[in-house]
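Undergrad: Starting off with a structure, shown below.
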Amino acid sequence: MPTDLVLRAGAAWTGTGAPVIDRAELHVEAGRIAWIGRQGERPAPEGAGVIDLGAQWLLPGFVDAHLHLWGLDLSEPSALWNWPQAYRAARAVADLGALLAGGITAVRCCGGPLGPSLARAVREGMVAGPRIVAAGEFICSRAGTWDHAQWPQRWVEGLGIYADGPEECRRRVRERVRQGADFIKIGGSVGEHADTIRPWGDDPAQLRLSYSDEEVRTVVEEAGRNGLRVATHAIGEAAVAQAVAAGVHSVEHGHGAAEETVRRMAGEGTWLVPTLALPALRAERAPPAVAAGWQRHRDVQRRSLELAMRHGVRIAAGTDFVGPPFTPLGPDAVEMELLAAAGMAPEEVLLAGTANGAAVLGLADQAGTLAPGRCADIVAVPGDPRRDIALVRRVSFVMAAGTVVLDRPEMPSGPTPPTLTRR
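What the sequence shown shows, in the UniProt record's numbering, is residues 1 to 423, in sequence order.
Pasting the structure below:
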């Protein structure tokens with residue numbers, strides 16, 4: 001296929017704040033958008049190939065701002081420590097293909113050892129996949145966020161995630177820099193969705209801090225010195241408030257924060273990635289006793305998201321997906337559907353899944369919008385997703401960095417997604 005292409009479609013939503021373009025035409029040259037406007041306004045470049053998508057709508061490629069490229073099947077509880085890492089890497093490559101097929105053209109891998117190497121492989125053209133911004137392995141205190149009691153202690157020690165005290169935190173950040181991390185991911189709160197061991201359990205209002213204020217400030221300082229941003233797993237008021245005060249770039253999950261902390265998030269420009277999809281799917285599909293714990297988090301998520309929207313917190317869509325059967329990578333449009341179900345305006349939902357996600361990834365000047373100079377990351381859906389957000393699930397065309405990776409007849413819609421509890 002020619003490297004220079006012309007796309008024609010019924011309309012284009014650009015994500016730039018400009019009005020929708022009817023009878024849209026978009027020119028792609030050397031993997032980037034050279035021009036976008038109405039059909040007939042500009043002649044097609046000589047020798048360019050033409051793809052006519054009929055009445056389809058063009059959108060920027062979707063961005064998942066929070067997932068994990070672990071190459072796992074969650075029906076195998078011990079796979080995380082028993083499956084060889086090379087096998088998991090091969091599975092993760094298959095996940096990358098599924099992500100592209102779902103219209104996901106950029107992702108942020110928020111913790112895991114495979115991320116930086118997968119990002120390099122995609123960047124060098126060795127495998128097909130969305131652009132990856134990767135944290136590398138988590139940074140976590142002992143008895144902290146990801147030091148799960150049910151995981152084998154020797155295996156956890158071998159991950160290299162532990163950091164206790166400011167100097168260990170600083171050293172771990174430097175290790176991640178050496179390993180090629182694009183940002184730093186730390187665990188700020190302790191408590192699990194099904195934690196029956198520790199006294200604070202899985203109540204979002206009871207989760208305790210994983211790190212001291214000084215430790216978090218040290219991570220932010222050392223990351224900043226190396227040109228990296230920090231994302232913090234933070235659930236509950238204490239952890240969210242601590243993260244915002246320390247100057248982290250993004251709060252992951254973030255439910256349970258007090259209104260004053262939410263106001264401060266908005267004022268500081270701290271990003272929120274609420275990750276509605278994982279608890280929703282778990283609450284729907286897990287055994288009843290486990291599902292009840294996830295539903296408790298969903299109820300708090302709903303109230304917290306309403307606060308965040310009311311106060312103008314910047315929000316990006318991220319699924320927290322890891323692997324089948326509960327959270328298969330690929331059909332990640334469910335996060336946008338859940339944001340809409342929670343009351344977010346359609347235009348804001350689309351921004352959360354495109355331009356806002358690109359901004360969180362540090363790619364605002366490259367992805368997330370249909371504009372001249374941006375990477376040609378483009379999807380097509382069969383209609384106006386502002387009127388029916390479920391259309392983002394029905395992707396029939398995907399272009400990533402100017403290469404067509406999917407071009408097929410309109411796909412039927414998937415099963416009805418779970419929706420946030422309304423009370």
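Where a beta carbon is used, it is the ideal one built from N, C-alpha and C, also for glycine.
1. Which value, in whole angstroms, describes the spacing of the CA atoms of D52 and R174?
2. Compare the C-alpha of V219 against each of S250, A9, R171 and H253 and name the closest.
3. How would you label W13, buried or exposed, when you count the other beta carbons within 10 angstroms and need 16 or more for buried?
4. For R42, which residues of its own chain have a beta-carbon under 7 Å away from its beta-carbon, when the five flanking residues on both sides are left out?
5. Quick one: Cα of D365 to Cα of A266, how far?
6. Check the DSSP bridge columns for I33 and list the partner residues they point to.
7. What do you reckon, are the CB atoms on Y162 and R142 nearer than 7 Å?
8. Using a Cβ-Cβ cut-off of 7 Å, state whether A12 counts as contacting chain C.
9. Would DSSP call C169 helix, strand or coil?
10. Just to confirm my understanding: we take V240, look at its own chain, exclude 5 residues before and 5 after, and list those with CB closer than 6 Å. What are they?
11. Would you grab the beta carbon distance between T354 and P60 for me? Rounded to a whole angstrom, and I think it's under 8 Å.
12. Quick check on DSSP: helix, strand or coil for E252?
13. Can you tell me where the beta strand (DSSP E) holding T261 begins and where it ends?
14. What are the start and end residues of the beta strand (DSSP E) that includes G10?
15. Find the nearest neighbour of E167 within the set R38, I139 and L305, judged by alpha-carbon distance.
16. Under 8 Å: do the segment 327-340 and the segment 14-21 share three or more Cβ pairs, one atom per stretch?
17. Just list the beta strand (DSSP E) runs in the segment 35-102, keeping only unbroken ones of 3 residues or longer that don't cross its boundaries, in chain order.
18. Compute the beta-carbon to beta-carbon distance between G103 and F62, rounded to the nearest angstrom, for a pair I have assumed lies under 8 Å.
19. Our contact map puts V93 next to V50 with C-beta atoms below 8 Å; I'd like the distance itself, whole angstroms only.
20. Could you have a look at D299 and say whether DSSP puts it in helix, strand or coil?
21. By the 10 Å Cβ neighbour count, where 16 or more other Cβ atoms means buried, how is W155 classified, buried or exposed?
22. Just to confirm my understanding: we take G165, look at its own chain, exclude 5 residues before and 5 after, and list those with CB closer than 8 Å. What are they?
23. Using 8 Å as the threshold, is the segment 365-380 in touch with the segment 105-116, meaning 3 or more CB pairs across them?
24. Roughly how many angstroms separate the alpha carbons of N82 and G323, rounded to a whole number?
25. Does the Cβ-Cβ distance between G227 and H66 come in under 7 Å?
26. Might you give, ordered along the chain, the residues of its own chain that have their beta carbon closer than 6 Å to the beta carbon of A101, omitting 5 neighbours on each side?
27. Should Y87 be labelled buried (16 or more other beta-carbon atoms within 10 Å of its own) or exposed?
28. Return the bridge partner residues of V190 from the DSSP annotation.
TA: For this structure:
1. Your numbering for residue 52 matches position 52 in the sequence shown. Your numbering for residue 174 matches position 174 in the sequence shown. Straight-line Cα distance between these residues: approximately 49 Å.
2. On the sequence shown, position 219 is the one that residue 219 refers to. Looking at the Cα atoms, R171 is the closest of the given residues.
3. Looking up residue 13 in the sequence shown gives position 13. Buried: at least 16 other Cβ atoms inside 10 Å.
4. Residue 42 sits at position 42 when you count from the first residue of the sequence shown. Non-local C-beta neighbours of R42 in its own chain, meaning closer than 7 Å and more than five positions away in sequence, comprise W35, ordered along the chain.
5. The residue labelled residue 365 in the question sits at position 365 within the sequence shown. The residue labelled residue 266 in the question sits at position 266 within the sequence shown. Near 22 Å, if we compare the C-alpha coordinates of A266 and D365.
6. Residue 33 sits at position 33 when you count from the first residue of the sequence shown. DSSP, once it has assigned bridges, lists V28 as partnering I33.
7. By 1-based counting over the sequence shown, the position of residue 162 is 162. By 1-based counting over the sequence shown, the position of residue 142 is 142. Cβ atoms of Y162 and R142: closer than 7 Å.
8. Absent from the structure: chain C. Only one protein chain is present.
9. For this step, residue 169 is matched to residue 169 along the sequence shown. Assignment of C169 by DSSP, reduced to helix, strand and coil, places it in the helix class.
10. To locate residue 240, count along the sequence shown from 1; it is residue 240. Correct list, in chain order: A234, V251, G254, A257 and T261.
11. Counting from one through the sequence shown, the residue named residue 354 turns up at place 354. Counting from one through the sequence shown, the residue named residue 60 turns up at place 60. 4 Å between Cβ atoms; contact.
12. Along the sequence shown, read from residue 1 onward, the residue named residue 252 stands at position 252. E252 falls in the strand class under three-state DSSP.
13. As a position in the sequence shown, residue 261 is number 261, starting the count at 1. Looking at the DSSP string, T261 is not in any beta strand (DSSP E); the run it does join, the alpha helix (DSSP H), is E259 to E268.
14. As a working note, residue 10 is residue 10 in the sequence shown. Boundaries of the beta strand (DSSP E) harbouring G10: L5 to A12, taken from the DSSP string.
15. Numbered from 1 along the sequence shown, position 167 holds the residue referred to as residue 167. Ranking the options by Cα distance to E167, first place goes to I139.
16. Contact between the segment 327-340 and the segment 14-21 is absent, because fewer than three Cβ pairs lie under 8 Å.
17. Given a length threshold of 3 residues, each whole run of the beta strand (DSSP E) inside the segment 35-102 is given here in chain order: 49-52, 57-60 and 62-67.
18. For this step, residue 103 is matched to residue 103 along the sequence shown. For this step, residue 62 is matched to residue 62 along the sequence shown. Contact between G103 and F62 holds: CB atoms are separated by about 5 Å, below the 8 Å threshold.
19. To locate residue 93, count along the sequence shown from 1; it is residue 93. To locate residue 50, count along the sequence shown from 1; it is residue 50. Actually they do not touch by this definition, with Cβ atoms about 32 Å apart.
20. For the purposes of this step, residue 299 is identified with residue 299 of the sequence shown, where counting begins at 1. The three-state reading of DSSP puts D299 in helix, counting H, G and I together.
21. Start at 1 with the first residue of the sequence shown, and residue 155 comes out as number 155. That one is exposed.
22. Here residue 165 refers to the residue found at position 165 when the sequence shown is read from its first residue. Same-chain partners within the cutoff: E215.
23. When Cβ pairs closer than 8 Å are counted between the two stretches, the segment 365-380 is seen to touch the segment 105-116, the count reaching three or more.
24. Against the sequence shown, residue 82 aligns to sequence position 82. Against the sequence shown, residue 323 aligns to sequence position 323. Cα-Cα distance, rounded: 16 Å.
25. Walking along the sequence shown from the start, residue 227 turns up at place 227. Walking along the sequence shown from the start, residue 66 turns up at place 66. Contact flag unset, no.
26. The sequence position of residue 101 within the sequence shown is 101, counting from 1. Same-chain partners within the cutoff: L406.
27. Here residue 87 refers to the residue found at position 87 of the sequence shown. Label assigned to Y87: exposed.
28. For the purposes of this step, residue 190 is taken as residue 190 along the sequence shown, with counting starting at 1. DSSP lists R208 as partners of V190.
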